[in-house]
Amino acid sequence: MNLRPLVLPLVILGVVATGFYCETLSVGTAGPGPVHVVYWEKWTGFEFDAMKKVVDDFNATHKDIQVDMLSTTAIETKTLMAVSAQVAPDVAGLYGANIAQYADDRAVEPLDDLCKESGIKADDYLPAYFNMVTYEGHIWALPSTPASIVLHYNKDMFEKAGLDPEKPPKTIEDLDALSVKLNRVSGGQITQAGFFPPEPGWWNWAWANYFGGKIVDESGKITATSPECIRAMTWIQTFPKKFGGTEYQSFKQGLGNFQSPENPFMEDRLAMEVQGVWMANFINQFKSGLKWGAAPFPYPADRPDLAGTALVDLDVLVIPSGAKHKREAFEFIKFVQTQKEMEKLCLLQWKNTPLSKVSPEFWANHKNPFIKLFYDVSASKNAFSAPKLGVWAQMNAELGSEVDAINLLHKTPKEAMESFTERMQPIVDQYKKRHEMRLARGL
Amino acid sequence: MNRRKEALIGYLFASPWLLGMSVFLLYPLVSALYYSFCDYSVLKPPMTIGTANYIELYHDAVFRKAVANTFIYAAFALPTGLISALVLAMLLNAKLRGQNIYRTLFFLPSLVPAIPMAVLWNWLLNGQFGIFNVLIGKIVYHPPNWLGDPAWTKPSLVLMGTWGVGNTMLIYLASLQDVPTSLIEAAELDGASSWQKTRNVTLPMISPVILFNSVMGLIGSLQIFAQPFVMFPLGGPEQSAYFYSTYLYDKAFRDHAMGYACAMGWIMFIVIFILTLALIKFSEKRVHYGGT
Amino acid sequence: MAKLQLAPSRRNRSAKTRTLIKNSATHVVLVALSLIFIFPIAWLLLTAVKPMTEVLHDPPIWVPTHFEWNNFGDAMKYQSDTLGYIPFLVYARNTIVLCILVVTGTVVSNAIVAYSFARLRWPGRDLMFAFTLATMMIPFPVLMVPTFTLFHNLNWLGSFRPLWIPSWFGAAFNIFLLRQFFKTIPFELSEAARLDGASEWKIFAGVIVPLCKPALGVVALFSFLYTWNDFIGPLIYLLDQKQFTLALGLQSFQNQHGGTPFNQQMAASALVILPVMILFFFTQRLFVQGISITGLK
């Protein structure tokens, strides 16, 4: 008998069986023993290692719950898709700015009851940070690590330019004056800049706040054409105007990556930069001998009330909707909120603490010489954070494109802010309208 | 075997595809049409909103920008890719030693995955320290800022695309090898020059393949996704590298406007359909279908 | 007479010289173009063996001062200290498993379907074939959202299923390729087998398939290369880092702050490219022949 025709079906059968076998491999089976809490985190490298220590502490003290931590790229997209696919992790480490969109989509569990039950309350945190985990009257997340962002300046470069390294700029006007003295241009090319707004370019929207304005208010009304916002954008455009749009872009292209020895601040190419509390760690890592300082970002001389205006940011822990082990997940989140673990985590990640209570050891052991400053600006009434809007991701991207046009001198600040408003206001309005429509239709 | 039995077996053999096509192509296509009239975010059930998505698209400035970017890109990438692939294939078709190695080398770029490809070109084309400008800078005083200047982002992508023409080149090469040597020899006897041989014998003989590659190239270049997605996460400077597919992806997976994305998808489908038909119609008289 | 004999041989000689010149010229052009084409890849390989300090140097460093072979090892380590947690070997396993599933599925399903289109007569066949070709015009973006929803409804998201099960149901391009090839095989062979009382499946699997190995090989190679390098599919459908494939996993080297260990990323990339490069080198003749036999027209 010719067996040849049978070979093919057998091969198919074998391969399909392998396929399904591998599926089970990747899914993992629930057996007896401790409950496994799956925790996705965006961090890699040392930040991941720091959190891993906290996870290990938790696992050591909780015999019935084991947290499995996994590093995940593009976490804000992946988590949402996982929620829709009903394969969400039990805990996800998102960015604070994601909360509004997630909450609008009901992709995260509200934590009000669980917080109340375990006695976690607003007073435990600095108001600026607690504000970030709430949205429309509910608590949707709790902090993992916070950050505050201030002006960093390179003392070596100050000295080389004959400036007093102990005198960082107080006002925007000071900053401009210092900046001019630190700029170096040779053969039409910028070789060194005093201050360069596009670096690192992570918070385009924040310039408005330093001038007392806001890109968008709480109600979702875009206020980008307010005098304060236009003033801020006009200010950042003075820099390319000084150098020329093309040269400005070339200089930007030539700047090395943030987390590398080619970081322009450490390469003595950029004297002043807005950066977060984490910067000290990277300086230590890539150029430990660098003499540097930190100071609150300057305020316009005519607005002394804005002194100490600081951007704060927050990484958060959420429980995605449909998580299989909600209680156990919260158990872990609660553990991270304890002063001991939180301070441990923030010390290891070189960050300030989001808690209102701080132990003397935290100050003593922190390796950032300016840690008190970072804490103080977070506690200040002038601390501000990203707007809480469901369409924030898109809004921020659109603003980035307009800021490109400003930097390239393709648009005046007024034109750019007008076209931004024209573009985004209908989108915001419609987003809200649809949201209400859904509620009305009970969807 | 009677006809009925043969037909039955025929259907049976074709059934995987008939099923697959219905489930994985036609059903999604039709449901996309339905979603395009809905507000839909996967997390919540679709809510019908009539033609609102299409009206919104009509007023969407970024959509218009993405459409313009995509057409500009395709207008340059398509001819550049087709011609360079054909020239390479002709060179590779010459009877020479070492063609195995040349073929592998030319095809190699199409084996590089999207991520390292993007990282590599990010360095090579860097306006300040990129090798490209270090070399060009010796000739030109002001080399372009490839990735930072909105005017140069699309040419950069065309350049990258040309580098990865391996697949198209291979298909040309295969067809060139099918051109009967007898025809070429006959032309040689008539005293035809190389150019005349190419123009009057080779090109007509492979014209169906040129059409095939044009259609595939058209569809492919209008759908460009991976390279801009990795290299220009927010659409590049002033959204100059924001393309149809990348905007659609952002709409769907960043803004969760899945209905809107479906409306975009359907418009793209119709446009590609019309353009392809037009291309085939246009080429009818120019393509030579002779047996080889 | 003598004069007549001389003329062709002289012409011959000059033709030979002409060919020689032409061939050398072609070689020169090919070498020059090869250099341009492999330059980025050469740069990739050079970066893969550079120490990190020389990777982004300005001005660029061409040849590293010392070769950092450890990059390859570091890139492959499951939990490397320097870079966090990139399970390269897990990605590799995932990719290989996926490739096996997809390649088998593609070859088997397309062969069966193409056989029906090429060698069996059934009502509506030619219309269906034209329709099949037309489906090639459906752009991927229009399907991006609805297939996501479909796989969501099927409860397939977060598993490999969306990436391999569809390949078991045929694809227009492959059906087209194989159909052209199947048509070239004499129909008398089938008739003879039928007269011997062989079933249609037996004719397909026992007679036709063994004769079509080159074409099936091309389909297998194409689908292998595609699956190996596919970025969009895994990007959309895979959710868990542990399930990522190599092409997607290479993204994990990218850090949120741009602190990418580029040398290790390039080392990993080189490891991803190497197998397919070798495969292509040894199969390119089959590639070209396979495409040409199927008469892509």
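For the record, the sequence lines run as chains A, B and C. If you're matching positions, the first sequence starts at 2 in the working numbering and goes up one per residue. If you're matching positions, the second sequence starts at 2 in the working numbering and goes up one per residue. If you're matching positions, the third sequence starts at 505 in the working numbering and goes up one per residue. Positions of the beta carbon are idealized from the N, C-alpha and C atoms, including for glycine. Since we're looking at a predicted model, the values are computed, not measured.
Nearest-angstrom Cα separation, counted from residue j out to residue i
i, j, result
"Gly-277(A)", "Gly-21(B)", "52 Å"
"Met-118(B)", "Asp-734(C)", "13 Å"
"Ile-191(A)", "Lys-43(A)", "36 Å"
"Ser-37(B)", "Met-269(B)", "13 Å"
"Tyr-619(C)", "Phe-686(C)", "7 Å"
"Pro-564(C)", "Ser-180(A)", "29 Å"
"Ala-142(A)", "Asp-125(A)", "14 Å"
"Val-180(B)", "Met-91(B)", "12 Å"
"Thr-731(C)", "Asn-598(C)", "11 Å"
"Met-265(B)", "Ser-246(B)", "9 Å"
"Trp-196(B)", "Ala-774(C)", "40 Å"
"Leu-30(B)", "Pro-650(C)", "7 Å"
"Ala-384(A)", "Tyr-211(A)", "10 Å"
"His-411(A)", "Tyr-249(A)", "13 Å"
"Leu-348(A)", "Gly-188(A)", "45 Å"
"Glu-285(B)", "Thr-639(C)", "21 Å"
"Gly-11(B)", "Met-217(B)", "29 Å"
"Tyr-250(B)", "Phe-244(B)", "10 Å"
Residue from the options with nearest C-alpha to residue i
i, options, result
"Ala-398(A)", "Asp-256(B), Gly-51(B), Val-159(B)", "Asp-256(B)"
"Thr-610(C)", "Phe-728(C), Phe-784(C), Ser-796(C), Met-781(C)", "Phe-728(C)"
"Thr-224(A)", "Lys-433(A), Tyr-96(A), Glu-423(A), Gln-431(A)", "Glu-423(A)"
"Val-723(C)", "Ala-529(C), Asn-598(C), Thr-608(C), Val-535(C)", "Thr-608(C)"
"Arg-287(B)", "Gln-224(B), Ile-211(B), Leu-278(B)", "Ile-211(B)"
"Tyr-248(B)", "Glu-403(A), Gln-395(A), Asp-306(A), Leu-410(A)", "Gln-395(A)"
"Gly-215(A)", "Pro-388(A), Ala-311(A), Glu-437(A), Ser-420(A)", "With the sequence shown as reference, residue 215(A) is identified as Lys, and Gly is not the correct amino acid for it. Selected option, being the one with the closest Cα: Pro-388(A)."
"Ser-663(C)", "Phe-677(C), Leu-602(C), Ile-616(C), Leu-637(C)", "Leu-602(C)"
"Glu-692(C)", "Glu-572(C), Gln-755(C), Arg-623(C), Val-617(C)", "Arg-623(C)"
"Val-38(A)", "Tyr-154(A), Gln-67(A), Phe-259(A), Gln-350(A)", "Gln-67(A)"
"Pro-166(A)", "Leu-348(A), Leu-291(A), Asp-303(A)", "Leu-291(A)"
"Phe-784(C)", "Ile-669(C), Leu-725(C), Ile-795(C), His-570(C)", "Leu-725(C)"
"Ile-600(C)", "Leu-667(C), Pro-718(C), Phe-673(C)", "Leu-667(C)"
"Pro-16(B)", "Trp-626(C), Thr-569(C), Val-535(C), Gly-577(C)", "Here residue 16(B) turns out to be Ser, not Pro, going by the sequence shown. Here the closest residue by C-alpha is Trp-626(C)."
"Gly-245(A)", "Ile-121(A), Ser-386(A), Ser-145(A), Ile-407(A)", "Ile-407(A)"
"Ser-65(A)", "Ala-207(A), Lys-434(A), Arg-328(A)", "Before going further, note that residue 65(A) is Asp rather than Ser in the sequence given. Measuring from the Cα of Asp-65(A), the nearest candidate turns out to be Arg-328(A)."
"Leu-160(B)", "Ala-62(B), Gln-240(B), Gly-82(B)", "Gly-82(B)"
"Ser-671(C)", "Ile-777(C), Lys-746(C), Val-606(C), Thr-523(C)", "Val-606(C)"
Secondary structure of residue i, DSSP reduced to three states
i, result
"Cys-716(C)", "coil"
"Thr-679(C)", "First, the residue type needs correcting, since residue 679(C) is Ile and not Thr in the sequence shown. In the structure shown, Ile-679(C) sits in a helix (DSSP, three-state: H, G or I)."
"Asp-744(C)", "coil"
"Tyr-96(A)", "strand"
"Glu-189(B)", "helix"
"Thr-135(A)", "strand"
"Val-288(B)", "coil"
"Ala-142(A)", "coil"
"Ala-272(A)", "strand"
"Ile-150(A)", "strand"
"Thr-30(A)", "With a pLDDT of 46 at Thr-30(A), under the threshold of 50, the modelled position of that residue is not reliable, and the figure given next carries that caveat. Thr-30(A) falls in the coil class under three-state DSSP."
"His-570(C)", "coil"
Cβ of residue i within 7 Å of any chain D Cβ
i, result
"Thr-105(B)", "Absent here is chain D; the protein component of the structure consists of chains A, B and C."
(message) Pairs of beta-carbons, one from the stretch 75–92 of chain B and one from the stretch 161–171 of chain B, closer than 8 Å: are there three or more?
(response) With the cut-off at 8 Å, the stretch 75–92 of chain B and the stretch 161–171 of chain B touch.
(request) Please confirm if the stretch 111–118 of chain A is in contact with the stretch 672–683 of chain C, defined as three or more CB-CB distances below 8 Å between the two stretches. (result) A contact is defined here as three or more CB-CB pairs under 8 Å, and the stretch 111–118 of chain A fails this definition with respect to the stretch 672–683 of chain C.
(message) Report the start-end ranges of each beta strand (DSSP E) in the stretch 309–336 of chain A that is 3 residues or longer and not cut off at the edges.
(response) Runs found: 311–319.
(request) Would you check if there are 3 or more beta carbon pairs closer than 8 Å linking the stretch 264–280 of chain B to the stretch 181–188 of chain B? (result) Here the stretch 264–280 of chain B makes no contact with the stretch 181–188 of chain B; the two share fewer than three CB pairs at distances below 8 Å.
(request) Please specify which runs of the beta strand (DSSP E), each continuous and at least 3 residues long, are wholly inside the stretch 532–564 of chain C, giving them in chain order. (result) Residue ranges of uninterrupted beta strand (DSSP E) with 3 or more members are absent from the stretch 532–564 of chain C; none lies entirely inside it.
(message) Assess contact between the stretch 25–36 of chain B and the stretch 234–246 of chain B, defined as three or more Cβ pairs (one per stretch) separated by less than 8 Å. Is contact present?
(response) As far as the Cβ criterion goes, the stretch 25–36 of chain B does not touch the stretch 234–246 of chain B, which means the pair count is below three.
(request) Specify whether the stretch 329–338 of chain A and the stretch 45–65 of chain A touch according to this definition: at least 3 beta carbon pairs, one from each stretch, less than 8 Å apart. (result) Touching, per the Cβ criterion.
(message) Whether or not the stretch 134–149 of chain A and the stretch 370–382 of chain A are in contact is what I'm after, with contact meaning three or more pairs of Cβ atoms, one per stretch, closer than 8 Å; do they touch?
(response) Yes: at least three Cβ pairs fall under 8 Å.
(message) Counting beta carbon pairs with one atom in the stretch 72–89 of chain A and one in the stretch 304–314 of chain A, are three or more of them shorter than 8 Å?
(response) Three or more Cβ pairs closer than 8 Å define a contact, and the stretch 304–314 of chain A falls short of that threshold against the stretch 72–89 of chain A.
(request) Determine contact between the stretch 776–791 of chain C and the stretch 100–119 of chain B, defined as no fewer than three beta-carbon pairs at a distance below 8 Å. (result) Counting Cβ pairs under 8 Å, three or more are found: they touch.
(request) Decide yes or no for the touch test of the stretch 129–144 of chain A against the stretch 247–266 of chain A: beta carbon pairs closer than 8 Å, at least 3 of them. (result) With the cut-off at 8 Å, the stretch 129–144 of chain A and the stretch 247–266 of chain A do not touch.
(request) Could you tell me whether the stretch 292–306 of chain A touches the stretch 155–163 of chain A, where touching means 3 or more Cβ pairs closer than 8 Å? (result) Remark: three or more beta-carbon pairs, one from each stretch, lie closer than 8 Å, so the stretch 292–306 of chain A and the stretch 155–163 of chain A are flagged as touching.
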